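Participant: Those letters in the sequence shown? Residues 0 to 253, per numbering that gives the first Met the number 0, in order.
What follows is a single structure, and I will ask about it in a moment.
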Amino acid sequence: MAIDDPAPRLRPVTVVTGGSRGIGAATCVRLASDGHDLALGYVSDTEAAERTAAAVRDAGARCVTVRADTSVEADVERLFDIAADRLGPVTGLVNNAGVTGPLGRLADTSTDTLRRVLDVNLLGVLLCCRRAAKDMTATGAGAIVNVSSAAATLGSPGDFVHYAATKAAADALTVGLSKELGPDGVRVNAVAPGMIDTDMHATAGDPNRAHTAAAGIPLGRPGAAPEIAAAIAWLLSDEASYVTGTVLRVAGGR
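Encoded structure:
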């Protein structure tokens with residue numbers, strides 16, 4: 000008697016916001032190598048998004064790029080709709096999109112900067128989590144990873160306490176939402192990177208910040224984006240099937 004081959008396992012479909020560069024781009028490439036198909040959300044740099052998408056495809060995965068501002072509800076809905084239409088039901092979300100604004104004391108920070116940081120780092124994460132929760136609870140499975148920051152507990156005085164405050168809020172969201180969605184089979188975790196060598200520091204006004212901070216890091220160096228991507232990939236994997244409500248600190252000992 001012939002024995003039928005087991006049904007092929009469906010590939011996970013993961014939405015990564017802020018996927019065009021830095022931690023987001025490294026995460027897309029790592030997840031592609033782990034067998035995920037990707038919906039890459041980005042806000043402005045189409046060329047960088049397409050470079051990352053090409054690397055994802057070279058790793059053997061499908062990838063769609065979607066220009067979307069995560070602080071805009073309609074953009075978030077479109078990002079998830081395109082992911083589902085082009086790739087299949089969304090099984091994972093990496094909330095990576097984030098902004099800091101210029102480095103400086105809170106007293107010198109403009110209201111426009113405060114609003115933008117809150118809109119992207121908190122409202123955007125909430126909007127993406129809300130849509131993912133609706134989609135994943137409908138299927139009874141899924142995993143969300145929020146990209147937080149060691150700043151949530153360090154406070155980042157003199158640099159961007161407003162950014163740190165939004166990351167502390169993301170940690171609280173992670174814990175609460177994990178308890179809310181656990182009975183539905185959906186896991187929610189966060190990764191809290193420390194000082195990582197990406198171009199985010201140049202955008203904030205100090206391109207050498209990651210390396211000048213090395214003296215205060217127990218491991219003596221800034222982290223690299225692929226190191227954070229590895230932690231995110233693990234939290235999305237079946238190896239972390241009993242992990243939820245956890246903020247995994249990847250900060251070199253800080």
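Cβ atoms here follow ideal geometry from the backbone N, Cα and C, with glycine treated the same way.
Bear in mind the structure is a predicted one, so any value in this text is a computation, not a measurement.
Do you know how far the Cα of Lys133 is from the Cα of Met0?
Facilitator: By one-based count along the sequence shown, residue 0 stands at place 1. By one-based count along the sequence shown, residue 133 stands at place 134. In this predicted model, Met0 has a pLDDT of only 37, less than 50, meaning its place in the structure is not dependable enough to derive any value.
Participant: Where does Arg248 fall in DSSP's three states?
Facilitator: For the purposes of this step, residue 248 is taken as the residue at position 249 of the sequence shown. Arg248 falls in the strand class under three-state DSSP.
Participant: Tell me the DSSP secondary structure of Pro225 in three-state form.
Facilitator: Counting from one through the sequence shown, the residue named residue 225 turns up at place 226. Of the three classes helix, strand and coil, the one that applies to Pro225 here is helix, per DSSP.
Participant: If you pair each beta-carbon of the segment 178 to 187 with each one of the segment 148 to 162, do three or more pairs fall below 8 Å?
Facilitator: Result no; under three Cβ-Cβ pairs closer than 8 Å.
Participant: Please classify Pro221: is it buried, with 16 or more other beta-carbons within 10 angstroms of its beta-carbon, or exposed?
Facilitator: By one-based count along the sequence shown, residue 221 stands at place 222. The residue is buried, with at least 16 neighbouring Cβ atoms inside 10 Å.
Participant: Is the distance from the Cβ of Ala209 to the Cβ of Ile227 below 8 Å?
Facilitator: Locating residue 209 in the sequence shown gives position 210, counting from the first residue. Locating residue 227 in the sequence shown gives position 228, counting from the first residue. No.
Participant: If you drop the 5 nearest sequence neighbours on each side, which residues of the same chain put their C-beta closer than 8 Å to that of Ala163?
Facilitator: If you number the sequence shown from 1, residue 163 lands on position 164. Counting only Cβ-Cβ distances below 8 Å, and skipping sequence neighbours, we find Ser148, Ala150, Ala151, Leu153, Gly154 and Ser155.
Participant: What alpha helix (DSSP H) runs, 4 residues minimum, are completely inside the segment 154 to 192?
Facilitator: Fully enclosed alpha helix (DSSP H) runs of 4 or longer: 160 to 180.
Participant: Does Thr211 pass the burial test, meaning 16 or more other C-beta atoms within 10 Å, or should it be called exposed?
Facilitator: If you number the sequence shown from 1, residue 211 lands on position 212. Exposed, by the Cβ-count rule.
Participant: Assuming Pro11 and Gly91 form a contact by the criterion Cβ under 8 Å, report the distance between their Cβ atoms to the nearest whole angstrom.
Facilitator: Indexing the sequence shown from 1 puts residue 11 at position 12. Indexing the sequence shown from 1 puts residue 91 at position 92. Going by Cβ atoms, the distance from Pro11 to Gly91 rounds to 6 Å, so yes, they are a contact pair.
Participant: Quick check on Val124: does DSSP put it in helix, strand or coil?
Facilitator: In the sequence shown, residue 124 corresponds to position 125, counting from 1. If DSSP states are grouped into helix, strand and coil, Val124 belongs with the helices.
Participant: Classify Leu218 as helix, strand or coil using the three-state DSSP reduction.
Facilitator: Residue 218 sits at position 219 when you count from the first residue of the sequence shown. Here Leu218 sits in coil by DSSP.
Participant: Could you give the C-beta distance for Ala31 and Ala58, rounded to a whole number, given that I count them as a contact under 8 Å?
Facilitator: Position 32 of the sequence shown, counting from 1, holds the residue named residue 31. Position 59 of the sequence shown, counting from 1, holds the residue named residue 58. Rounded, the Cβ-Cβ distance is 4 Å, consistent with contact.
Participant: How far does the beta strand (DSSP E) with Arg66 in it reach, from first residue to last?
Facilitator: Mapped onto the sequence shown, residue 66 falls at position 67. Where Arg66 is concerned, the enclosing beta strand (DSSP E) stretches over Cys62 to Arg66.
Participant: Go ahead and pull the three-state DSSP assignment for Gly91.
Facilitator: Within the sequence shown, numbered from 1, the residue matching residue 91 stands at position 92. Note: Gly91 maps to strand in three-state DSSP.
Participant: Against chain B, does Thr197 count as a neighbour if the rule is that its beta carbon must be under 8 Å from one of theirs?
Facilitator: Note that chain B does not occur in the displayed structure, where there is just one protein chain.
Participant: State the beta-bridge partners of Val14 as determined by DSSP.
Facilitator: For the purposes of this step, residue 14 is taken as residue 15 along the sequence shown, with counting starting at 1. Val14 is bridged to Ala38 and Leu92.
Participant: Going by DSSP, what residues sit across from Asn207 in a beta bridge?
Facilitator: Numbered from 1 along the sequence shown, position 208 holds the residue referred to as residue 207. Paired residues: none, contrary to the question.
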